[in-house]
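Beneath this line is the structure, given in structure tokens, with notes to follow.
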Amino acid sequence: MIHEPSILSVLVFAGFVAITLGLSFYFARKTQSSAGYFAAGGQIHWFVNGVAFAGDYLSAASFLGICGMIAFYGYDGFLYSIGFLAGWVVALFVVAEPLKRLGKYTFADALNSQFQSRAITLSAGISTLVVSVFYLIPQMVGAGTLIQPLLGFPYWVGVVLVGIIVVLIVATAGMVSTTYVQFIKGALLVLFSGILTVMILNRGLKVDTSEEANSPQTMVKLADGSVQINGSPHGHKEGQKDLRPVGHLSKLPGGKTETGPLGPMEYLATLQQSEVVLWTKKEAIVDGVKTTTWTPTPTAGSKILRPGNSPTFKGLQSDKLSSRLNFISLMLALFCGTASLPHILIRYYTVKDQAAARLSTVVGIGTIGTFYVLTLFMGLGAMTSGSIDLTNDNMSAPLLAKSFGDLLFAMISAIAFTTVLGTVSGLIVAASGAVVHDLLSSVLRWEMNDHEKVRIGKLSSVIVGVIAIILGIQFKDMNAGFLVGWAFSVAASANLPSLVMLLFWKGTTKQGISAAILVGLFSSLTWILVSEDTFAKVYGFKADAAAAAAMVPFSQPGLVTIPLGFLTLIVVSLLTRKKSAD
Amino acid sequence: MAGLDHGQVHPKEIEDPLIAARNARYGMVLFLIYLAFYGGFVALNAFSPTQMETTPALGLNLAILYGFALIVAAMVLALIYAWLCRAVSAADQGK
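What follows is the structure, given as structure tokens:
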């Protein structure tokens, strides 16, 4: 689909950027010490930190990816919402207070609190950098993918623009400006998601039996690169055609054609008894001409609101054990991954004490949980109100907003970009903290005074920002949600075993911690690189060839590599225990 | 915007190891309760997905009800934990 950029969206976006940069420059004058730059001096109020957790955590994958997945396939996208929220239980009950007690600036500080080991700092620093970069790529890809339809700029402009703004935010006032950008973004995201949900419920559900809504659509890409839509050239001028947005009901219970306003539970119950038109996609390539056809497929609401409707979770409705293990593995990684993400963990150092760490996590769970409940309504709202772009599932939430008017579209588009800004800022602070404190100061033993630490921290932010821009442009065609899944699996495998065992097993040794981080990190990375998903989505193999080439039985590594991290730590600690005691 | 001078580190808190240990114990119990609840959801989806299609209450299937319950349970357990830890701190301060 060709989306016409709106001037209102550009103006609202510019306003958001001006506010965030204004805040950053204001705080820059007050942020002179390294404690101020990397951890906001430990003076952030717990409530601000709690909402900032939401701003840090709810990335483009959460907002656009989950809404899009629900709009296209129904309940399956909500499985991600459930898994992403459940991870916060581990953060609150297991990690929050000890992490605050043991650390100062980085995740490595906490792991190293009893040992003063350079090997631990090195391995934790590498793990922080790898996980942060994995998480950065999909954010930058999301920025580039959205900028064209929403603001009218080319892909690379989106990536470079976000990169420059974020580097300015981080390089001016570090964690202080990052915190307030995340606070504003988290609050706006939940507020406007709530407004959208109220409007969806107020609009209710409606049947559309018109011929236009129910006719198939075809896109033909010719060998010379030109595109035809339903037999006409692609475009918005006279004689040209564009794909139309889709998504409607074909039947309501009791033969009704319209429901009027509905309550939240009533909305879901009505949808469960209705019939929704989904779109079945088929592709064929003959003599270099690629033909894609979307055919309307009336589907019972009861099937849409159960798991197993999307390509990702289709295996749940089959008898294949590997598909079930793959699902368990993903849900385990989501559960364990949140409390292992460095950019989330460093937020615990921005509050004054353990009580504040605990309370801010409670606020974070409330804010994030509310948002994830709303994702179900926003996704289903897009599915049933003609808000699906068949070629881009990330556009479902903005198009849903557009169905309620241009102002809401402009606000949601601007919030989608602020979503990227907030998360990328957190990631860059985490990465620059790892470079300065872990790698340069602790491992390479660079002598730096406080002022130099801040200066090098700012320089590191610029370098990480440039790397993020380059990777964002390089990985243009990668699926954002897929990469976020990788980051969760790698973080959970590399970081969680060490963190948990350090807290709960006195036999843990420094060698055990270093070994567990490196084994978890490299085993999960290797598993991902030789998995069926990667062969299909990254190396471009066809489905059958990808299945044959895969060297592991299922694509998600967590089920094997998280326990492997624990096992490594236990075995190495037992082997080195006596030596350490000596 | 007074009080937002982030240049100073807040003084290291003086912690009571007994309170920290009690909080950790509460945390572990609540974590295990949630783990069992979440584990049940994952296992049902993986090994008995048809159960998720049954409609036990409110005209909604088990998939939706269990999903919402998991999100609400996380919020409720978080509040219980905050309350328990607060009660412990207050009691200890009164000693």
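Taken in sequence, the protein lines are chains A and B. One point on numbering: in the working numbering, the residue at position 4 of the first sequence is 4, and numbering is uninterrupted. One point on numbering: in the working numbering, the residue at position 56 of the second sequence is 638, and numbering is uninterrupted. Just so you know, even glycine gets a beta-carbon here, dropped at the ideal spot from N, CA and C.
{"query": "Would you decide whether H349 of chain A is buried or exposed? Buried here means 16 or more other CB atoms lie within 10 Å of its CB.", "result": "A small correction: the amino acid at residue 349 of chain A is Tyr; His does not occupy that position in the sequence shown. Result: buried."}
{"query": "In whole angstroms, what separates the C-alpha of G87 of chain A from that of T338 of chain A?", "result": "5 angstroms"}
{"query": "Using three-state DSSP, classify M1 of chain A as helix, strand or coil.", "result": "coil"}
{"query": "Is the CB of E212 of chain A under 9 angstroms away from at least one CB in chain B?", "result": "no"}
{"query": "Report buried or exposed for H248 of chain A, applying the criterion of at least 16 other Cβ atoms within 10 angstroms of its Cβ.", "result": "buried"}
{"query": "With DSSP run on the structure shown, which of helix, strand or coil describes W617 of chain A?", "result": "With chain A represented from 1 up to 582, any question about residue 617 of chain A goes unanswered, as that position is not in the structure."}
{"query": "Please list the partners that S302 of chain A has in chain B, where partner means a Cβ-to-Cβ separation under 9 angstroms.", "result": "E635, T637 and N643"}
{"query": "Relative to the alpha-carbon of G260 of chain A, which residue among A:S302, A:G308 and A:M199 has its alpha-carbon at the smallest distance?", "result": "A:M199"}
{"query": "Relative to the C-alpha of V571 of chain A, which residue among A:D544, A:F541, A:A516 and A:G558 is closest?", "result": "A:A516"}
{"query": "Taking 9 angstroms as the cut-off, decide whether the C-beta atoms of L334 of chain A and G83 of chain A are in contact.", "result": "yes"}
{"query": "What does L647 of chain B pair with, by DSSP beta-bridge criteria?", "result": "Beta-bridge pairing links L647 of chain B to no other residue."}
{"query": "So which of A:F488, A:L574 and A:S193 has the shortest CA-CA distance to G558 of chain A?", "result": "A:F488"}
{"query": "Pull up the CB-CB distance for A108 of chain A and D438 of chain A, whole angstroms please, since I reckon it's below 8 angstroms.", "result": "5 angstroms"}
{"query": "Would a check of beta-carbon distances place L659 of chain B closer than 9 angstroms to chain A?", "result": "yes"}
{"query": "Roughly how many whole angstroms lie between the Cα atoms of L28 of chain A and W527 of chain A?", "result": "Rather than Leu, the amino acid found at residue 28 of chain A in this sequence is Ala. Near 43 angstroms, if we compare the C-alpha coordinates of W527 of chain A and A28 of chain A."}
{"query": "Beta-carbon separation of I365 of chain A and F63 of chain A under 9 angstroms?", "result": "no"}
{"query": "Let me see if you follow: with CB-CB separation under 9 angstroms, is A618 of chain B close to chain A or not?", "result": "no"}
{"query": "Ignoring anything shorter than 3 residues or poking outside the segment 104 to 157 of chain A, list the beta strand (DSSP E) runs there in chain order.", "result": "none"}
{"query": "Quick one: Cα of S113 of chain A to Cα of P98 of chain A, how far?", "result": "11 angstroms"}
{"query": "So, helix, strand or coil for S232 of chain A, using DSSP?", "result": "strand"}
{"query": "Shorter than 9 angstroms from the beta carbon of I82 of chain A to some beta carbon of chain B?", "result": "yes"}
{"query": "Can the beta-carbon of V420 of chain A be found closer than 9 angstroms to that of Q139 of chain A?", "result": "yes"}
{"query": "Does the beta-carbon of Q511 of chain A have 16 or more other beta-carbons within 10 angstroms, so that it is buried, or is it exposed?", "result": "buried"}
{"query": "Using a Cβ-Cβ distance cut-off of 9 angstroms, determine whether Y372 of chain A contacts chain B.", "result": "yes"}
{"query": "Shortest alpha-carbon distance to V51 of chain A belongs to which of A:G103, A:E275 and A:T423?", "result": "A:T423"}
{"query": "How about the segment 609 to 627 of chain B and the segment 229 to 242 of chain A: do they share at least three Cβ pairs that are nearer than 8 angstroms?", "result": "no"}
{"query": "For chain B, find out if any of its Cβ atoms is closer than 9 angstroms to the Cβ of D582 of chain A; answer yes or no.", "result": "With a pLDDT of 49 at D582 of chain A, under the threshold of 50, the predicted position of this residue should be treated as unreliable, and no value is reported."}
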